[in-house]
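Be aware that the sequence shown starts at 53, since it is given in my numbering, and climbs by one per residue.
Every residue gets a Cβ at the ideal spot worked out from N, C-alpha and C, and that includes glycine.
Keep in mind it's a predicted model, so treat the numbers as computed, not measured.
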Amino acid sequence: MNKIKLVISDLDETILKYGDLVSPKDQETVDRLLDRGIEVAWITGRYYDSIPEYFTNKERFTFVSSSNGALIHNVKVNEVIYEKNISYMDVLTIIEKVNEKASSLFIENRQAVYTDERLFLNEILEGGYFFESLKKQAQLKDDLYEFVKENKVDALKVEAAFHDLDFRDYIHRELSRLNQFKVSATHISNVDVINKDVSKGTALLYLKDLLGLETEEIMAIGDNDNDVAMIEAAGIGVAMANGSPLIKEAADFITDSIEHDGFSAAVRKVIQL
Numbered sequence: 053m054n055k056i057k058l059v060i061s062d063l064d065e066t067i068l069k070y071g072d073l074v075s076p077k078d079q080e081t082v083d084r085l086l087d088r089g090i091e092v093a094w095i096t097g098r099y100y101d102s103i104p105e106y107f108t109n110k111e112r113f114t115f116v117s118s119s120n121g122a123l124i125h126n127v128k129v130n131e132v133i134y135e136k137n138i139s140y141m142d143v144l145t146i147i148e149k150v151n152e153k154a155s156s157l158f159i160e161n162r163q164a165v166y167t168d169e170r171l172f173l174n175e176i177l178e179g180g181y182f183f184e185s186l187k188k189q190a191q192l193k194d195d196l197y198e199f200v201k202e203n204k205v206d207a208l209k210v211e212a213a214f215h216d217l218d219f220r221d222y223i224h225r226e227l228s229r230l231n232q233f234k235v236s237a238t239h240i241s242n243v244d245v246i247n248k249d250v251s252k253g254t255a256l257l258y259l260k261d262l263l264g265l266e267t268e269e270i271m272a273i274g275d276n277d278n279d280v281a282m283i284e285a286a287g288i289g290v291a292m293a294n295g296s297p298l299i300k301e302a303a304d305f306i307t308d309s310i311e312h313d314g315f316s317a318a319v320r321k322v323i324q325l
């Protein structure tokens, strides 16, 4: 008999389709899990205020982790229960390394999302990937480096995108080599940088300890490289069919794609609903 007590999922391209849509079948699966008394939690790379209301509904869910595990909310009581930042000095180091060739650059913390006005306007003109998802949250700064320096702005996450993919790969290696950060990717053209002691896996382990669960009582589902630590920390780790090669290699099994309700297929393979 399966003993899963907590199902944790990534959002984008796992249960959340482009346009912030959750399929009726996946919604039904979530409802059945909750009816069975199984906790459902979300761990995403998104900035908290950009998460659709479906996932932060306090009548249904308790825990939501954002910024790749750097922040965890108890949404039932509207309280931050975990937070781990990059120091402002380290944020400055990141800006120095990426600023010359970045096509977009966002600094996220609990207060806001900040971006460089020059880069932001370039992305608008070029139809940039990040403009649509962050335009409502971003505060534009004339000089992002000076703003961070003068205001000592710590960050939950720094997110940069590049048109030059070779330079993007170089930056990924360079920042990883410094051993000050955790560097991952949620898109072929970007890098996400968080505190070196943070990952979606550490967020899962925090919830595991908080709820007093055993590893085998947790199931996790994801699609991208930044989900690998999360599915490896779970008793059962599942990769989406539309997922990256790295997460597929790490998973216990591969479910259907998001277009075919892979979240539901994974849950129903493991848990009788």
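* To do: Along the alpha helix (DSSP H) that carries Leu259, what are the first and last residues, could you check?
  => Lys252 to Leu263
* To do: Would you decide whether Ile176 is buried or exposed? Buried here means 16 or more other CB atoms lie within 10 Å of its CB.
  => Annotation note: pLDDT 43 at Ile176 (below 50); position unreliable, no value reported.
* May I ask you to report which of helix, strand or coil DSSP gives Gln191? => strand
* To which residues of the same chain is Glu169 closer than 6 Å at the C-beta, ignoring the five residues directly before and after it? -> Cβ neighbours of Glu169 beyond the five flanking positions: Leu192 and Asp194.
* **Lys252 classed as buried or exposed, judged by whether at least 16 other C-beta atoms fall within 10 angstroms** => buried
* To do: Look at the alpha carbon of Ile124 and the alpha carbon of Ile246, and state the distance between them as a whole number of angstroms.
  => For Ile124 and Ile246, the distance between alpha carbons rounds to 14 Å.
* **Residues near Ser316 by beta carbon distance below 6 Å, same chain, minus five either side** => Lys77, Asp78 and Thr81
* To do: Say whether the region 100 to 107 touches the region 214 to 226, bearing in mind that this needs 3 or more beta-carbon pairs closer than 8 Å, one atom from each stretch.
  => no
* Assigned exposure category for Met292 - 16 Cβ within 10 Å defines buried -> buried
* Nearest to Leu208 by CA position, among Val74, Val280, Val165 and Ile103, is which residue? -> Val165
* Asked: Just to confirm, are Val150 and Leu144 a CB contact at a threshold of 9 Å?
  -> no
* Asked: In the region 83 to 143, which residue ranges form an unbroken beta strand (DSSP E) of at least 3 residues, counting only runs that do not cross its ends?
  -> 91 to 95, 115 to 118, 123 to 126 and 131 to 135
* Measure how close the beta-carbons of Asp275 and Gly295 come, nearest whole angstrom, since I'm counting them as under 8 Å. => Yes, they are in contact, since the Cβ atoms of Asp275 and Gly295 sit about 4 Å apart, within 8 Å.
* CB-CB under 8 Å to Arg88, same chain, minus the five flanking residues each way: which ones, in chain order? -> Cβ neighbours of Arg88 beyond the five flanking positions: Ile323 and Leu325.
* **Closest by C-alpha distance to Asp221, when choosing among Glu202, Ser241, Ala281 and Asn231** => Ser241
* Report the rounded CA-to-CA distance for Asn231 versus Lys248, giving the unit in angstroms. => 7 Å
* To do: Indicate the three-state DSSP secondary structure (helix, strand or coil) for Val245 in the structure shown.
  => strand
* **Cβ neighbours of Lys57 in the same chain (closer than 7 Å, five flanking residues each side left out)** => Ile90, Glu91, Leu265 and Glu269
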